[in-house]
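Down below is the structure, laid out as structure tokens.
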Amino acid sequence: MSIAVLERNKEAKEKTLRTMMNKSAEAAKISVKYLNLFYGEKQALYEVSMDIEEKQVTALIGPSGCGKSTFLRTLNRMNDLIDGVKINGDIVIDDENIYASNDVLKLRTKVGMVFQKPNLFPMSIYDNVAYGPRAQGIKSKKELNRIVEESLRGAAIWDEVKDRLKASALGLSGGQQQRVCIARTIAMKPEVILMDEPTSALDPISTLKVEELIGKLKKDFTIVIVTHNMQQAARVSDKTAFFLNGEIVEYDVTDAIFSNPNDQRTEDYVTGRFG
Amino acid sequence: MRKVKDGILRGLLWFSAFVTVAVLLLIVGYIFYKGFRLISFDFIFGDYSPTGGGGIWPMIVTTLYTIAISLVIAAPIGILAAVYLQEYAKQGRLVKVIRFATESLTGIPSIIYGLFGAVFFVAVLKLGMSIIAASLTLAIIVLPVMIRTTEEALKTVPLSYREGSLALGATKLQTLFKVILPSAMPGILSGIILSMGRIIGESAAIFLTAGTVAAMPGSIFSSARTLTVHSYLVTQEAGDIELAAAVGIVLIVLIFGLNMLATFISKRLNKTDY
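Sequences listed follow chains A and B, in order. Residues in the first sequence are numbered from 1 upward in steps of one, following my numbering. Residues in the second sequence are numbered from 276 upward in steps of one, following my numbering.
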């Protein structure tokens, strides 16, 4: 590719980006610009730019290894844990560049995360939900009781566990554990919740419950969800971004992605021709 | 044909298991048979008498002292070293060298450590032949065991616990003390049990650093004799197999009791966690 073509490509990209940003300039909760990520020498994300809107569900779809989980983990800097990860570009959440500030702890209380497999600690249900607030230094028993109840209610699991709060969290079913994980996350009162394939380890009924919960949570939280399951993306999300080989191929309102995609590759993926 | 092979293999497995248990029972049985006649209240709780007929209480006390002091020194250092290697250090060449060194140290015969202790702790640091010199030497002997077992225990803690904790805005130190160490506790305790066994079983290094004074130690700076050393000396000097076997019974019961105690503590710790 000649330099001139590269330049033109970049101009075109910037133009679409500008129009995209103008459209949603007011509502953007998270604004990502020209994000590149490297695992050592290997580049995993290429010039990723997207605006994520407040109190909406944004789904990230794409085949395995396309970079969607890697991208999700840049939003609360979980990739910092991996040796040899280099990042350039900007991620701005509420006018603050999260890679310019060193307060990772504050970022992670603001941007919570739910993982692929339920990862409750080997403690009681109560202690799991109270873990975050306690780590922040909340000691008052009354305050903790209130937060635990509120969070478990918020995650639609209170009625199932209220009589066994002191029992080991690992005795719950997988679906219940995942909802306690969500409760544990909202106990931090985050503004954004990242979900990394939260239902991939769950049975269909538990999956349905988590999806219903996501629909309720978006009233209070900005949700970014990575999913392998396209029906799930179609059911729960307002906007969808299609990732391929570390790039965003297409990012639009979910209906448009699934019924009227612009890019041939998006169409091939959502119709199940590959992936 | 496959059935025959299966039968042979099954037979071999059964035979190996049988031999292991049989040898163990034979040894324990022999020791009990040889020594049980000497076991009495006075033998266990009585003071030692050089003319014969005395008890072994001073040696039991010395043994317990040695175990306690060695563990108080080796356990925290070993656990913290393992935490550093496993959780904090950048996994590079230096860590590899340290791992290789700790593994090699496990294989060095204890008499070498004993010689080092006799030169360094007894002579250079002027601690003299004493319980403290022996305990310091023993602490060095069990340190690699502590580090290795703790590292293995930390490795079994799933990465997802660490991620979960950090994603909740906890610091690395909070994650370590609230999630990682409690989850690794059973493994760490088995390291402590292994170390206790090593300490109780040690004779050469103690012989060279604590001496053989067969009397109730006045303080940890006194020279004294542990049960194992006593057992060795009565066989060697007096040829009294019966007495040595009686000491052996006390040793076996002591190890058994300490292991039960450690398991009990581990269970209690887990209960408060869940």
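C-beta: ideal position from N, C-alpha, C; glycine also. Please read these numbers as outputs of a predicted model, since none were measured by experiment.
- Cβ-Cβ separation between V114 (chain A) and D238 (chain A): approximately 18 Å, too far for a contact (criterion under 8 Å).
- What V454 (chain B) touches in chain A, judged by beta-carbon distance under 7 Å, is F121, going in chain order.
- Rounded to whole angstroms, F307 (chain B) and V522 (chain B) show a C-alpha spacing of 10 Å.
- Proximity of N79 (chain A) to chain B, defined by a Cβ-Cβ separation below 9 Å, is not satisfied.
- Interface criterion not met: the Cβ of S465 (chain B) is under 9 Å from no Cβ in chain A.
- As computed with DSSP, T337 (chain B) is found in no beta bridge at all.
- DSSP places S497 (chain B) outside both helix and strand once states are collapsed to three, so it counts as coil.
- When DSSP states are grouped into helix, strand and coil, N79 (chain A) belongs to the helix group.
- Residue state for K239 (chain A) is assigned as strand, using DSSP reduced to three classes.
- Boundaries of the beta strand (DSSP E) around E47 (chain A): 42-53.
- Look at the region 320-333 of chain B: it has no residue with a C-beta under 9 Å from a C-beta of chain A.
- According to the DSSP secondary-structure assignment, S31 (chain A) is paired through a beta bridge with A:D51, A:V92.
- Proximity of the region 399-417 of chain B to the region 342-353 of chain B meets the contact definition, three or more beta-carbon pairs being nearer than 8 Å.
- Here the region 44-54 of chain A does not lie against the region 195-208 of chain A, with fewer than 3 beta-carbon pairs under 8 Å apart.
- Ranking A:D127, A:K141, A:N76, A:E247 by CA distance to the CA of N102 (chain A) puts A:N76 first.
- Considering only B:F496, B:T487, B:S497, B:M491, the residue with the shortest C-alpha distance to T503 (chain B) is B:T487.
- Around the beta carbon of L300 (chain B), a 10 Å sphere encloses fewer than 16 other beta carbons of the protein chains shown; the residue is thus reported as exposed.
- In the DSSP assignment, E149 (chain A) falls within the alpha helix (DSSP H) that extends over 141-154.
- Nearest CB-CB separation between T431 (chain B) and chain A: not below the 9 Å threshold.
- Taking 8 Å as the upper bound for CB-CB distance, M460 (chain B) and G353 (chain B) are not in contact here, some 14 Å apart.
- Within chain A, no C-beta atom comes less than 7 Å from the C-beta of L369 (chain B); the nearest is roughly 14 Å away.
- Close to Y363 (chain B), with beta-carbon spacing below 8 Å, lies no residue of chain A; the smallest spacing is near 12 Å.
- Assignment of beta-bridge partners to A489 (chain B) by DSSP yields no partner.
- Assigned with DSSP and collapsed to three states, F318 (chain B) falls in helix.
- With the criterion set as a beta carbon lying under 7 Å from some beta carbon of chain B, the members of the region 114-145 of chain A are F115, K117, N119, F121, P122, M123, S124, Y131, G132, A135, Q136, in sequence order.
- Distance from the CA atom of Y507 (chain B) to the CA atom of A513 (chain B), rounded to whole angstroms, is 10 Å.
- In the displayed model, M471 (chain B) falls within a helix according to three-state DSSP.
- Following the DSSP letters along the chain, one finds E250 (chain A) in no alpha helix (DSSP H) but inside the beta strand (DSSP E) bounded by residues 247-253.
- Distance between K110 (chain A) and K453 (chain B), taken at the CA atoms: about 21 Å.
- Spanning the alpha carbons of I147 (chain A) and I157 (chain A) requires a straight line of approximately 14 Å.
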